[in-house]
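Chain order of the listed sequences is X and L.
Everything in the first sequence is counted per numbering that gives the first Met the number 0, starting at 0 for the first residue and increasing by one.
Everything in the second sequence is counted per numbering that gives the first Met the number 0, starting at 0 for the first residue and increasing by one.
Protein chains: 2
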Amino acid sequence: MTAKPHVLFDPALDLELRREVDVSPQLVWRAWTEPELLMKWFTPAPWRTTACELDLRPGGRFRTRMEGPEGEVHDSTGCVLALVPGSYLLFTDALGPGFRPLGSGFMTASVEITPTDGGTLYVARAVHKDAEDKARHEAMGFHQGWSTAFDQLVAMVRSL
Amino acid sequence: MTAKPHVLFDPALDLELRREVDVSPQLVWRAWTEPELLMKWFTPAPWRTTACELDLRPGGRFRTRMEGPEGEVHDSTGCVLALVPGSYLLFTDALGPGFRPLGSGFMTASVEITPTDGGTLYVARAVHKDAEDKARHEAMGFHQGWSTAFDQLVAMVRSL
Chain X
0 MTAKPHVLFD
10 PALDLELRRE
20 VDVSPQLVWR
30 AWTEPELLMK
40 WFTPAPWRTT
50 ACELDLRPGG
60 RFRTRMEGPE
70 GEVHDSTGCV
80 LALVPGSYLL
90 FTDALGPGFR
100 PLGSGFMTAS
110 VEITPTDGGT
120 LYVARAVHKD
130 AEDKARHEAM
140 GFHQGWSTAF
150 DQLVAMVRSL
Chain L
0 MTAKPHVLFD
10 PALDLELRRE
20 VDVSPQLVWR
30 AWTEPELLMK
40 WFTPAPWRTT
50 ACELDLRPGG
60 RFRTRMEGPE
70 GEVHDSTGCV
80 LALVPGSYLL
90 FTDALGPGFR
100 PLGSGFMTAS
110 VEITPTDGGT
120 LYVARAVHKD
130 AEDKARHEAM
140 GFHQGWSTAF
150 DQLVAMVRSL
């Protein structure tokens, strides 16, 4: 795939984090797509990402396992829908590996990485079924959580 | 997209119709992807397909409305996941247009159209969440239904 697919974004249903940073697009892409790097930043502390599998092709497995300070475990396996190497990744938890339906689905998420003069424009989006799921995601801490995770990503790539 | 995506097929969970026919791959592709043609064969009689919208790109809308002899209506909107023009179409009812999660999902379906010496090898597959959904689909009449619909497709394209 060399072009972004047709993804709809509706501010009434969906959420977005938009950040500009002075790190290279290449490093942001690596942080998202190399599991050993993703595990270092993906979950706001004190949660940790303790496993990650990413088969970087349409239909490929995207699994993350997150563990909380009280022993909580969120182990989630979704599906890569599309990608443009270096700049765009789309995945969902409505399908499992090989596009197999899971019978549920909370979000489809996209990560868009665009070069700027000084670094990277980073746009991460979560697309939901309805306004209720959007509100639920906000209440779960979307803005703070995705922003803090991205801060961790930036700090991590600076250390590479 | 120029290559088929990574789709898993598990005989314990999934269903397949495989047919060889002496009509051209081009006509089979047209019958599947031109809504006015699809409406002529998609539903085994006495059911009818009374509406179809197909936006033939990843993320595009795939809607079909079927009506039964007693006034039953099944109106379903899903999402195109991938395609190779002329030979491969993948779609799901787990996502709506633009890859938006629907919160449910019964199947991901693929249609594969391969040229043979005398015509076309047609392979249509339904990929399910689990063996229970496979059994439900069989009980709904998958084999008879998809086979009869394909007979209608062949008869229709012969008349073009």
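Glycine included, every Cβ here is placed at the ideal spot set by N, Cα and C.
N- and C-terminal bounds of the alpha helix (DSSP H) containing residue i
i               : result
H5 of chain L   : That residue, H5 of chain L, is in no alpha helix (DSSP H); it is neither H nor E in DSSP.
T32 of chain L  : P24 to T32
E131 of chain L : A130 to A138
Exposure of residue i, with buried meaning 16 or more beta-carbon neighbours within 10 Å
i               : result
T113 of chain X : exposed
P84 of chain X  : exposed
G97 of chain X  : buried
R157 of chain L : exposed
R99 of chain L  : buried
H127 of chain X : buried
T49 of chain L  : exposed
V153 of chain L : buried
A11 of chain X  : exposed
D116 of chain X : exposed
L159 of chain L : exposed
Own chain, CB closer than 8 angstroms to residue i, minus 5 neighbours either side, in chain order
i               : result
S103 of chain L : D92 and A93
G118 of chain L : E19, V20, D21, V22, S23 and P24
Same chain, Cβ closer than 6 angstroms to residue i, neighbours up to 5 away in sequence not counted
i               : result
L82 of chain L  : L88
T107 of chain X : T91 and V126
P34 of chain X  : C51 and L53
Segment limits, beta strand (DSSP E) that includes residue i
i               : result
D150 of chain X : Careful: D150 of chain X lies outside any beta strand (DSSP E), inside the alpha helix (DSSP H) at F141 to R157.
H73 of chain X  : V72 to V83
R62 of chain X  : R60 to E66
P114 of chain L : T107 to P114
E15 of chain L  : L14 to V20
L88 of chain L  : Y87 to T91
A123 of chain L : T119 to V126
T48 of chain X  : R47 to L53
Span separating the alpha-carbon of residue i from that of residue j
i               : j               : result
T147 of chain L : W40 of chain L  : 9 angstroms
A130 of chain X : R124 of chain X : 15 angstroms
G95 of chain L  : L80 of chain L  : 10 angstroms
D54 of chain L  : L7 of chain X   : 13 angstroms
E52 of chain L  : E69 of chain L  : 24 angstroms
W28 of chain X  : D9 of chain L   : 33 angstroms
Q25 of chain L  : E15 of chain L  : 21 angstroms
L101 of chain L : D13 of chain X  : 14 angstroms
V72 of chain L  : K3 of chain L   : 33 angstroms
H142 of chain X : F105 of chain L : 32 angstroms
S86 of chain X  : E66 of chain L  : 44 angstroms
Sequence-distant residues of the same chain with beta carbon closer than 7 angstroms to residue i, five excluded per side
i               : result
V122 of chain L : E15, R17 and E111
**Prompt:** Touching or not, the segment 39-48 of chain X and the segment 134-141 of chain L, by the rule of three or more beta carbon pairs under 8 angstroms?
**Reply:** no
**Request:** Tell me, please, whether the segment 73-81 of chain L touches the segment 46-61 of chain L by the rule of three or more beta-carbon pairs shorter than 8 angstroms.
**Result:** Counting Cβ pairs under 8 angstroms, three or more are found: they touch.
**Prompt:** Is the segment 110-130 of chain X close to the segment 19-39 of chain L, with three or more CB pairs under 8 angstroms?
**Reply:** no
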